[in-house]
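Going down the list, the sequences are from chains E and Z.
Heads up: the first sequence begins at 17 in my numbering, then just goes up one per residue.
Heads up: the second sequence begins at 886 in my numbering, then just goes up one per residue.
Right, one structure below, let's go through it.
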Amino acid sequence: MNIPMESAIRFGSVSKAFGSVRAVESLTFAAPAGAVTVLLGPNGAGKTTTVRLTTGALVADRGDIEVLGLHPKLDGDEVRRRVGIVPPKPAFYDQLTGWENLAFASRIFGSTEQAAYEAAERFAIDDALLQEVGGYSTGMRTRLALSRAVIHDPEVLLLDEPTAGLDPESARNVLALIRELAGRGRTIVLCTHLLHEAEGIADQVVLMNKGHAQAAGEPAKLAGEYLSDPVVVLDAENRAALQSLERHDGVVSVSWNGSVQVTLDTLDRLPDLVTYLVNEGARITRVEPVGATLEELYFEMQRTHREATT
Amino acid sequence: MSWDHVRAIAGADLRRLFKSKDYWIPLSLLGALFFVVIPFITLSVVGTIADTPFADQVTSIVGNLPDSIAESSPTDSPTAQAAYVIAVYMLAPIAIIVPLTISVAVASNAIVGERERGTGEFLAHSPLTTREIYYGKLIASLIPGYLATIVGFSLYSLVVNATLGSEMGGWFFPTTGWFFLILWVIPPFIAVAISIVLRMSARMRSAAAAQQSSSLVTLPVIILSYAVSARVISTPGSSAVLIGGIAWVIAILLSIRGAGKLKRERLLGVASET
């Protein structure tokens, strides 16, 4: 996916502390306009504080934040008018119906009731709008929160753990909806600690830990930077014939758990390796280079940074 | 500041409030107790105690009251005069205690409640200004109390006139002083209490703590308003206008200051940690 160079959100050396707790420390990153940026990190990494700083709900102690060319500290109302947000635990007025909650949000954002209904339709919650939100399931609340977030057709969407507490099917549906929104050109910032959630959706990853951005960039570029050794899955009718592959040049390691995973120093070795194994009598049934998953990337980046700091 | 935003906040809160039976049933019972049950029993008993030692005690109290109060009664019967004094002067302060209790209960939960429910997060990220949120909450707290005043006052009038009307020669209530109290004095007193409580609601960590603290803070306001209302009813002239005027000025100043003090962080629940 092509990522436009223009940044919708830019953090420059931003810090925010709560008493002695440094929630965000010298955080620097940029979220390209029209792309999905995933803030990835464990609980307490500073993701939620970053979202709150983005809308100006919190004011940074130090550093510079720019959202759509505006400064949240000075132009907070305008920023918030152009940004939609789904908080980690979407909350509503439970005694009111879904429709009353949406109509309230619509009025606050200067939108129309028509837009509110269309948003509910898009996220398939329109059938439940006359029920009190107190009776909604977690999935229904998330869909209502997504509807509320797009009611004013925002240019930037901030999604903070949008699948938290959802069953796998609902979570998958929510991710599909996020992909759909991204396809419509919205700038999306997705906070998550779930690696599989970011997989396949992220145009850019910002790895956060203890308030810092440890690394940022497109997943493929980061994989190239952090995961230098490619992995290939091999199999053969006569597995015993594969035993000799450990002696071949360029084989870094071999894992025999279930399938045979071979780590090479470079993928260029693969044709020679296959020829060698065939010559050794192996009847090859599978040769499959494995693309780096975000999970591998995440743990490798964490390991690299741990080593760098010790 | 957008008044449409203020109305939206107040409207959502009021709609929520009137849907919460847990809230309005106890407060309705409280209002019914003070505006209907207690006055009805008290006035019925006083009207039927002629020629008893208790009647003598009551009439001696009336005899010790200022002449202007005793003379305001439309009847010469000592027992009826006693009933009149009780109805018009002694039960008067209930007209302010009940609405204050109701409004304070709403206001104490107004901001800390948003934080506890998590709905404060939505408000904090919305284009609403903190002033709009504050004034929306103030109006949403004021209206239930004042509505209780109007409804309770109407019911109380019915009870008083139905119980004592025949002895007073017809409908005699409400008196001028009561109109002053309801229309001019009570609204600013409720607003003063709400302004104080809203600031506490923004600062407290839990709704329970906000309710406990607010009841302590509003106790002096209730005592003051009790004294003031008795004064307004007995002398509904320029002094009543002045008292109401001062209360209005204090209410406006407190609400302006309170609106300026509300921070977006308070809605998220992180300001107390900074």
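C-beta: ideal position from N, C-alpha, C; glycine also.
Inside the segment 144-216 of chain E, DSSP marks whole alpha helix (DSSP H) runs of 4 or more residues at positions 154-165, 184-199, 211-214, from first to last along the chain. With 16 or more other Cβ atoms inside 10 Å of its own Cβ, E:H168 counts as buried. DSSP places Z:N1046 inside the alpha helix (DSSP H), whose first and last residues are 1015-1053. Proximity of E:E41 to chain Z, defined by a Cβ-Cβ separation below 9 Å, is not satisfied.
Annotated three-state conformation of E:L223 is strand, per DSSP. The alpha-carbon separation between E:L238 and E:N225 amounts to approximately 16 Å.
At least 9 Å separates the beta-carbon of Z:L1027 from that of Z:S1086. Here the alpha carbons of Z:S905 and E:D110 stand approximately 10 Å from one another. When DSSP states are grouped into helix, strand and coil, Z:G1129 belongs to the helix group. In the three-state reduction of the DSSP assignment, E:I25 falls in the strand class, which pools E and B. Between E:V268 and E:V306, the beta carbon gap of about 14 Å keeps them out of contact (Cβ cut-off 8 Å). By the Cβ neighbour-count rule, Z:T964 is buried, with 16 or more other Cβ atoms within 10 Å of its own. Residue Z:L1040 holds the alpha-carbon nearest to the alpha-carbon of Z:L918 among Z:L1040, Z:L899, Z:T1014, Z:G1021. DSSP lists E:S23 as the bridge partner or partners of E:P48. Cβ-Cβ distances below 7 Å link Z:I1075 to P984, L985, S988, L1027, G1030, Y1031 in the same chain, with the five nearest sequence neighbours on each side left out; the list follows chain order. Judged by pairs of C-beta atoms under 8 Å, the segment 155-175 of chain E touches the segment 89-99 of chain E, as three or more such pairs exist. By the neighbour-count criterion, in which a residue is buried when 16 or more other Cβ atoms sit within 10 angstroms of its Cβ, Z:H1010 is buried.
The C-beta separation of E:R195 from E:I217 comes to about 6 Å, placing the pair in contact by the 8 Å criterion.
Between E:Y314 and E:L175, the C-beta gap is not smaller than 9 Å, which leaves the two residues out of contact. In the DSSP assignment, E:T291 falls within the unbroken alpha helix (DSSP H) covering 286-295. Scanning E:P104, E:A214, E:S127 for the CA closest to the CA of E:A180 turns up E:P104.
Bounds of the beta strand (DSSP E) holding E:D251 are 247-252. Using a CB distance cut-off of 9 Å, Z:G1145 does not count as an interface residue toward chain E. The Cβ-Cβ distance between Z:A1078 and Z:A992 falls below 9 Å. Shown here, E:Q230 sits in a strand according to DSSP, grouped into three states.
Secondary-structure assignment with DSSP links E:G100 through a beta bridge to E:L173. For E:T53, DSSP records a beta bridge to E:V205, E:Q220. Shown in chain order are the members of the segment 59-80 of chain E whose Cβ falls below 7 Å from a Cβ of chain Z: R68, T71, A73, L74.
If you look at E:Q277, you'll find it in the beta strand (DSSP E) that goes 276-280. The bridge partners DSSP lists for E:F34 are E:V37. Contact annotation: the segment 115-134 of chain E touches the segment 160-167 of chain E, with at least three C-beta pairs closer than 8 Å. Counting along the chain, the unbroken beta strand (DSSP E) around E:S271 starts and ends at 267-271. Pairing E:A39 with E:S31, the inter-Cα distance amounts to about 8 Å.
Under the rule that a run must span 4 or more residues, the alpha helix (DSSP H) segments found entirely inside the segment 1068-1135 of chain Z read 1071-1088, 1092-1119.
Judged by beta-carbon spacing, Z:S1091 lies beyond the 9 Å limit of Z:E1006, meaning their Cβ atoms are not closer than that value. Its chain contains L86 as the residues whose beta carbon lies nearer than 8 Å to that of E:E94, once the 5 sequence neighbours on both sides are disregarded; these appear in chain order.
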